[in-house]
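Everything on this sheet refers to the single structure shown next.
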Amino acid sequence: MLDDVLAGLNEAARKDLEGLMSVDTYEWQSDFARKYVGLGREEGREEGREEGREEGVAQSVITVLVARGFTVSDEVRERIESCSDLAALESWVTKAVRVRSPEQLFD
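The numbering used here numbers the first residue of the sequence shown as 84 and each following residue consecutively.
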């Protein structure tokens, strides 16, 4: 239905309406919309926080290895940085303190 309305407007009017309907600025009228737009935003924020934690722990693994004098190969770095399993990353931080080579993290 909204597509039909937008299709009937000239470009300037369509852009104005799209600006008014922007998710960031539009004031949702129904309880349903307010609830689910809010849930979506919160889920997005939580997802971002989780990714940030993963990136931080991955960087810690690399930092420990480098501090111990190891050269971290591109392959090892990629494997660490691409990991999205927070528990695995946290276990690698502990292992990074004890391993004899960066590759041993994954044994």
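Idealized CB from N, CA, C, for every residue including glycine. It should be emphasised that the depicted structure is a prediction, and the values quoted were computed from it without experimental measurement.
Around the C-beta of VAL144, 16 or more other C-beta atoms lie within 10 Å, and the residue is accordingly described as buried. Residues PRO185 of the same chain have their beta carbon placed closer than 6 Å to that of PHE153, with the five preceding and five following residues left out of the count.
Listed in chain order, the non-local C-beta contacts of LEU169 below 7 Å within the same chain comprise ARG136, GLU137 and VAL140, local neighbours out to five positions each way being set aside. DSSP places THR154 outside both helix and strand once states are collapsed to three, so it counts as coil.
The Cβ atoms of ALA171 and LEU148 do not sit closer than 8 Å to each other. Assignment of VAL182 by DSSP, reduced to helix, strand and coil, places it in the coil class.
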